[in-house]
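Novice:
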Amino acid sequence: MDYLLHILIMVAIYSIVSMSLNVLAGYTGLLSVSHAAFYGIGAYNTALLALNAGLPFWINIPAGIILSGAIAFLIAWPSLRTYDDYFVITTFAFQIIVFSILNNWVSFTGGPLGLPGIPQPEIFGIKISSHVSFLIFVITFAALTYFLLDRLMGSPFGRILKAIREDEIFTTSLGKDVMKFKLTAFIIGASIASISGSLYAYYISFIDPTSFTIMESIFILSIVIIGGAGNLKGSIVGSALLIFIPEVLRFVGMPNSIAANMRQIFYGLLLVLFMMFRPQGILGEFAFGKEGAVKTEGNKDA
Amino acid sequence: MFNQLLINSIIAGSTYTLIALSFSLIYSTTKFFHFAHGAVYTFCPYFAYLFTIILGMPLFISIPLAIVLSAIVGILTELVIYKPLRQKGTTPLILLLASLGIYIVLQNIISMTFGDDTKTLRSGIVKEGLEFLGARITPIQIAIIIVSMLLLIGCRALMRYTKMGTAMRAVASDPDLAVISGINSDRVILFTFAIGSALAGVAAILVSFDIDMTPTMGMNALMMGVVAVIIGGVGSIPGAALGGFLLAFAQNFGVWKISSQWQDAIAFIILLLFLLYRPYGFFGKKIRKVEV
């Protein structure tokens, strides 16, 4: 039973991070491979504050949101000046730099040994320690994220993001400050990713840099793309699919060493097959660059 | 110390140049980001390991065989995945996502088959390097420098003086026009994948003789190549060499002051600076979409 609850908790955590990436990748068309970095920033922020200052979660999570948003603001400045594959490379670079810092700045982040013993969060003096209570805790955040982002993406703001995704020059010609909207989307995406990082740190109670690698970023991006870009429900479906199905492999009696590889092969293969036969994903409404006249033209010139 | 750093930079620069060259050939012809190139790179030394260490074949058979096989892996990615996708008229971003998927699949196949532990192609005792201007260099490192330079010149000649090279440049500069003037662009792209994958294989084998190999070595190597290509300018062969050496010098001389774990970070900070201030690199044409 605890095992099932564990999977559900992970699905909820990944739903939050993939919904936050969906704002960038799905709604705005910015294919970022740096989300594990923001997820990691949230996790490390929470872990360090909880371990060193003993602060409660209702301070740590907002602090992570602010920190992650501020870092996103700094990184958005170089990366949003680039397009398409160059944007992917800039975010890739940022991801590698964050990983290097987490891995090499040993005195601050604990380096490869990680940070063990993160205390459980407390609400009104009650420790959230059992799987059931943690599931409720995490799902509350996931639901909040969903309703917040759903409202936001249905608002005029969200519609402008979609317009940017479809045709950037046209949106500019309507008098919209495209750069400002992209920047806002980037900051929103990064801030919300940090929430899921904080939750992950609290749940696992031990974090190390290997949870926030480039492969993790690609995994989160795969969830968004396979679930459906530009659809928040798609991200939830994608998280469930990509976390549940590989677990089945355990029951087939596959040894643990191979199971990790098989899990990655599974989503890698799924990503390739979706790109070949259904590039918009399960519930998505948008396939990358399909309609964007600007993008296709831009790429010819590259 | 200075001489040793200089030699280390030249060695690293030679391998970066070779990887940059192999990536640049494919990227400038097909215009999409072939992430799976990193896995093709990794395959080559593992094939060589399989033939030499496990099956006990002599090196002069196993190395060419491994290079041919990794070229075949590259060709297969094009034939099975990219070509059908291109024929559907997809965008470079979809091809990029597909190539990420292929990279993940191939890398995990390698780590399942051979294990995640570090392996090396060296057999027998490690010989002490030769003394050269107060620095040490091993024979394999000299081979790295010579082979890279020869292949660099060879590629330049291929692109300049052969019919296939001209066709490759034609497809790179305008695919539609190339098709109109009777060039079979699919065949040219296939050839590019073969050459690019083989070059990556050579680079990977040299690195595995010098240092060692792990299933994840490809992604890092590929990214160093990409950084070199962006510094030097996309589509330029001298640019790839300049970028490769500049990157290697920055990394190796950076180690003088900061500890060596930060080499990756140094590379990507240089990349970010270039993308900010000179996104078309040293020799590249200005990219319109970056300017919009």
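Each protein sequence line maps, in turn, to chains A and B.
Letter 284 of the first sequence, counting from 1, is numbered 283 in numbering that gives the first Met the number 0, and no numbers are missing.
Letter 204 of the second sequence, counting from 1, is numbered 203 in numbering that gives the first Met the number 0, and no numbers are missing.
Heads up, the beta-carbon is just placed ideally off N, CA and C, and yes, glycines get one too.
Mind checking if B/V39 is an interface residue toward chain A, Cβ cutoff 8 Å exclusive?
Specialist: no
Novice: Would a C-beta distance cut-off of 8 Å place A/D84 and B/P44 closer than the cut-off?
Specialist: no
Novice: Leaving out the 5 sequence neighbours to the left and right, which residues in its chain are closer than 8 Å to A/G297 when beta-carbon positions are compared?
Specialist: Confidence at A/G297 is low in this model, with a pLDDT of 40, below 50, so its placement is unreliable and no value can be given for it.
Novice: Once DSSP output is grouped into helix, strand and coil, what is the label at A/F287?
Specialist: In the three-state reduction of the DSSP assignment, A/F287 falls in the coil class, being assigned neither a helical nor a strand state.
Novice: Report yes if the C-beta distance between A/H130 and A/L4 is below 8 Å; otherwise report no.
Specialist: yes
Novice: Could you check whether the Cβ of B/F267 sits closer than 8 Å to any Cβ belonging to chain A?
Specialist: yes
Novice: If you compare alpha carbons, which of A/L270, A/P245, A/F86 is closest to A/A228?
Specialist: A/L270
Novice: By Cβ distance below 6 Å, which residues in the same chain neighbour B/S13 in space, the five residues on each side in sequence not counted?
Specialist: I143, I144, S147
Novice: In whole angstroms, give me the CA-to-CA distance for A/Y43 and A/S197.
Specialist: 8 Å
Novice: Would B/A240 be called buried (16 or more neighbouring beta carbons within 10 Å of its own) or exposed?
Specialist: Counting every other CB atom within 10 Å of its CB across the protein chains shown gives B/A240 a total of 16 or more, marking it as buried.
Novice: Excluding five sequence neighbours on each side, which residues of the same chain lie with their C-beta closer than 7 Å to the C-beta of B/F31?
Specialist: Closer than 7 Å at Cβ, skipping near neighbours: P91, L94, L95.
Novice: For A/G267, which residues in chain B fall below 9 Å Cβ to Cβ?
Specialist: L99, G100, I101, Y102, I103, V104, L105, Q106, N107
Novice: The alpha helix (DSSP H) with A/F250 in it runs from where to where?
Specialist: 231–250
Novice: Along chain A, in chain order, which residues have C-beta atoms closer than 9 Å to that of B/M111?
Specialist: S256, I257, N260, M261, I264
Novice: At 7 Å on the CB atoms, spell out the chain B contacts of A/R164, in chain order.
Specialist: Here the premise fails: no neighbours, minimum Cβ distance about 11 Å.
Novice: Short check: CB of B/A264 to CB of A/S99, under 8 Å?
Specialist: The answer is yes: Cβ separation under 8 Å.
Novice: What did DSSP end up calling B/R135 once you bin it into helix, strand or coil?
Specialist: strand
Novice: Given a cut-off of 8 Å, decide if A/I194 and A/T144 are closer than it, judged by their beta-carbon atoms.
Specialist: Yes, the Cβ-Cβ distance between A/T144 and A/I194 is below 8 Å.
Novice: When the Cα of A/I138 is compared with those of A/P278, A/L47, A/I235, which residue comes out closest?
Specialist: A/I235
Novice: Pop quiz: A/I40 and A/S67 are said to be a contact at Cβ under 8 Å. What is the actual Cβ separation, rounded to whole angstroms?
Specialist: 5 Å
Novice: Check A/K294 in the structure and name its three-state DSSP category.
Specialist: For A/K294, the pLDDT reaches just 40, beneath the cut-off of 50, and the residue's location in the model is therefore unreliable, leaving the point undetermined.
Novice: Alpha helix (DSSP H) containing B/A193: first to last residue?
Specialist: 184–209
Novice: Is the separation between the beta-carbon of A/R249 and that of A/A259 shorter than 8 Å?
Specialist: no
Novice: Quick check on B/T89 - is its C-beta less than 8 Å from some C-beta in chain A?
Specialist: yes
Novice: Measure the alpha-carbon distance for A/I95 versus A/S33 and round it to whole angstroms.
Specialist: Roughly 8 Å between the two C-alpha positions.
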